[in-house]
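Let me begin by presenting the structure, written as structure tokens, before commenting on it.
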Amino acid sequence: MDEKEEMPPKSNNDDEEEEIVEYVEFVYDSEDKEITEEIKRTMTKLIVRGPNVKTIKEGVFKECAKLKEIDFTEATALESIGDEAFSYCSSLLGFKCPSNVKTIGKDAFEECTKLKKVDFTKATALETIEHGAFYNCHSLFAFKCPSNFKTIGDYAFAYCVNLKEIDFTEATALETIREWAFFACHSLLAFNCPSNVKTIEEAAFTGCAELKEIDFTEATALETIGDSAFYKSPSLLAFKCPSNVKTIGRQAFAYCAKLEEIDYTEATALETIGKQAFDYCPSLLAFKCPSNVKTIGRKAFYECENLKEIDFTEATALETIGERAFYECPSLLAFKCPSNVKTIGNCAFYECENLKEIDFTEATALETIGESAFKSCPSLLAFKCPSNVKTIGKMAFEKCAKLKEVDFTKATALETIGKWAFNICPSLLAFKCPSNVKTIGKEAFAYCENLKEIDFTEATALETIVDGAFYECPRLETVYFAPNVTVVPKNILEDCPNLQFLKIPSGNPAIHIRLYTSLNEDKKHLIILSDIVNVYACNPIKNSELLEKLGEEKSILHQVRAMYIGSIVDGTRRLGSTPERNGWLQFLANNMGDGTDDPDMSKLLDYLETVDIKRVRELA
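So the sequence shown is numbered by our numbering: it starts at 269 and just counts up by one.
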């Protein structure tokens, strides 16, 4: 009698019970064949064969948790693997694609977490791997693209965190790498772009932490590098742009912390460097703009802290430098603006701490210098405004601590100097306003503590100087006033305690000078030279002796009009109808008569002893 086979004791644990189930093969030879839950639960090997199987239907083997192997050796008629066909087959180890398959559907092998190898050696008909086909197959370590492949779908290999190698050497038909295709493939080391790829779409290689090398040597058809294509690839060292690329998208290489070199030598077709394209690439040392680039986008080189050199010598097509394009590039030393640039955007060179030189010699097309364009560039020494600039935006040169010279000699088109444009430029010594300026904004030159001279003599288009335009310029001594401005701004008289001479052009129509009560003890005396002066809160005093003190040459005296702002005295004095507290004023007119009964005349005469008569004659 045969010995009875002793069976193992039955466990009460369902999980343990499943572990002892025998190896189960299942043959799939008809698309209509019933796939029961029991088959899906127990199957460990799948054999696909026969002429009746052209498609593996959507989700048909989804969540076969024990499936380890698929045999397609005899699947000669198979043309497509449907959406989610093998998704969540968490034990599947390999996949060898048969020769006639054209399409692998959406999420076909998604979350096959133990899938180590996919073999496309014989997949000569395969054209498309759809969306998420191998999504989160985090054991997959290599992928070799077949020869007739045209499209790698979006998210096709996303989160394949151990994928080290992708081989496109035979992928001569590949045209498109879709968005997020290799997203977060942390172990990927290199990418060699095949010859016929036209587009690398958005975020295709974002988050590839170990990607060191991208080779576009043979990528002669490539036209577009999409938004965020290589975003946050912190190991990437260099990028050489191929010849036919027209667009580098938004954030294409942003946060590539080790990117040292970008080579545009052959990038003759490149027209656009997108927004934030190289944002925060702290290792980048230099940028040479190619000849056909028209636009450098917003924040294109934002916070590239070691960028020392930008070369625009060949950038003859460049028209726009976008907002914050070189924002906080503290190592940048110089900027030479190319000839066809029309706009320098807001904050374009904001806080470039070591920027010493900006050269606009050839910038004949430049029309706008945007808001805060060169704000907080403390090393900048000089600015020479080009001929066609119409607007200098608000805060354009604010807080440029070493800016000594602003030259508007050729700025014949300039119409607007915006608010705070040169605010807090403590080294600025002089300002000569060009002829067509119509507006000088609020506090445009406020807190320029070493500004000594302002010249408006050629500013024939200027009609208004906003109060506060020259607020707190304590060393301002001389103002050559504008021909057509009829009101002297309050702050020039009130907040510039060292102002000594105010020259009004002879053609100025009845200049109005309003005097204020906040005169302080440090206020120096002021000589105003003008043909016609309407002074508010002041009465004229006549005395021929004063004329003698001012000089003997009648040709000079005929032009001289003087206003005297005296020292502070106690009490309140009424001048005209306006009360003046803690101060007194005297006005000297050319038609002064003999005699005076003013009790303060002795103080006035004492002051005239100190007047620089030579300087008065020069101004007159």
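Glycine is no exception: its CB is placed at the ideal position from the N, C-alpha and C atoms. On a predicted model such as this, the values are computed, not experimentally measured, just so you know.
With distances taken from CA atoms, which of the options is nearest residue i?
{"i": "residue 526", "options": "491, 503, 393", "result": "503"}
{"i": "residue 703", "options": "720, 753, 672", "result": "753"}
{"i": "residue 447", "options": "699, 500, 423", "result": "423"}
{"i": "residue 469", "options": "454, 458, 443, 453", "result": "443"}
{"i": "residue 519", "options": "348, 686, 417, 564", "result": "564"}
{"i": "residue 591", "options": "510, 545, 499, 433", "result": "545"}
{"i": "residue 602", "options": "576, 658, 616, 307", "result": "576"}
{"i": "residue 353", "options": "337, 378, 638, 295", "result": "378"}
{"i": "residue 653", "options": "669, 646, 628, 643", "result": "628"}
{"i": "residue 728", "options": "660, 467, 700", "result": "700"}
{"i": "residue 623", "options": "637, 630, 614, 596", "result": "596"}
{"i": "residue 757", "options": "464, 741, 404, 732", "result": "732"}
{"i": "residue 715", "options": "678, 304, 737", "result": "737"}
{"i": "residue 300", "options": "312, 306, 325", "result": "325"}
{"i": "residue 680", "options": "417, 659, 690", "result": "659"}
{"i": "residue 393", "options": "327, 409, 347, 361", "result": "347"}
{"i": "residue 322", "options": "524, 372, 359", "result": "372"}
{"i": "residue 361", "options": "343, 345, 332, 369", "result": "332"}
Identify whether residue i lies in helix, strand or coil by the three-state DSSP scheme.
{"i": "residue 758", "result": "helix"}
{"i": "residue 679", "result": "coil"}
{"i": "residue 788", "result": "Unreliable positioning characterises residue 788 in this predicted model, as indicated by a pLDDT of 40, which lies under 50. The coordinate reading is nonetheless provided below. Correct three-state label for residue 788: coil."}
{"i": "residue 733", "result": "strand"}
{"i": "residue 350", "result": "coil"}
{"i": "residue 483", "result": "strand"}
{"i": "residue 459", "result": "strand"}
{"i": "residue 297", "result": "coil"}
{"i": "residue 433", "result": "strand"}
{"i": "residue 670", "result": "coil"}
{"i": "residue 770", "result": "strand"}
{"i": "residue 602", "result": "strand"}
{"i": "residue 625", "result": "strand"}
{"i": "residue 467", "result": "strand"}
{"i": "residue 344", "result": "coil"}
{"i": "residue 692", "result": "coil"}
{"i": "residue 396", "result": "strand"}
{"i": "residue 381", "result": "coil"}
{"i": "residue 588", "result": "strand"}
{"i": "residue 371", "result": "strand"}
{"i": "residue 818", "result": "Because the pLDDT at residue 818 is just 40, under 50, the model does not fix this residue reliably, and the value given afterwards should be weighed accordingly. Three-state DSSP puts residue 818 in a helix."}
{"i": "residue 444", "result": "strand"}
{"i": "residue 327", "result": "coil"}
{"i": "residue 474", "result": "coil"}
{"i": "residue 715", "result": "coil"}
Tell me where the beta strand (DSSP E) around residue i begins and ends.
{"i": "residue 630", "result": "Per DSSP, residue 630 belongs to no beta strand (DSSP E) and is neither H nor E."}
{"i": "residue 310", "result": "Unbroken run through residue 310 is the alpha helix (DSSP H), 305 to 310; no beta strand (DSSP E)."}
{"i": "residue 530", "result": "529 to 531"}
{"i": "residue 412", "result": "410 to 412"}
{"i": "residue 651", "result": "650 to 652"}
{"i": "residue 554", "result": "554 to 556"}
Can you pull the DSSP bridge partners for residue i?
{"i": "residue 515", "result": "492, 540"}
{"i": "residue 580", "result": "According to DSSP, residue 580 bridges with nothing at all."}
{"i": "residue 566", "result": "Looking at the DSSP assignment, residue 566 forms no beta bridge with any residue, so it has no partner."}
{"i": "residue 364", "result": "387"}
{"i": "residue 339", "result": "315"}
{"i": "residue 723", "result": "700, 748"}
{"i": "residue 610", "result": "Partner(s): none; residue 610 has no beta bridge."}
{"i": "residue 637", "result": "612, 660"}
{"i": "residue 507", "result": "530"}
{"i": "residue 728", "result": "According to DSSP, which records beta bridges pairwise, residue 728 is partnered with nothing at all."}
Buried or exposed: residue i, going by 16 or more other Cβ atoms within 10 Å of its Cβ?
{"i": "residue 686", "result": "buried"}
{"i": "residue 355", "result": "buried"}
{"i": "residue 302", "result": "exposed"}
{"i": "residue 451", "result": "buried"}
{"i": "residue 832", "result": "Below a pLDDT of 50, predicted positions are generally treated as unreliable, and residue 832, at 33, falls in that range; the measurement from the model is reported next regardless. It counts as buried."}
{"i": "residue 531", "result": "exposed"}
{"i": "residue 666", "result": "buried"}
{"i": "residue 227", "result": "As displayed, the chain neither begins before 269 nor continues past 888, which places residue 227 out of reach and without an answer."}
{"i": "residue 385", "result": "exposed"}
{"i": "residue 320", "result": "exposed"}
{"i": "residue 306", "result": "exposed"}
{"i": "residue 500", "result": "buried"}
{"i": "residue 644", "result": "buried"}
{"i": "residue 298", "result": "exposed"}
For a test of your reading of the model: does the CB of residue i fall under 8 angstroms from any non-hydrogen atom of the ligand ATP? Yes or no.
{"i": "residue 472", "result": "Of ligands this structure carries none, so the ligand ATP is not represented either."}
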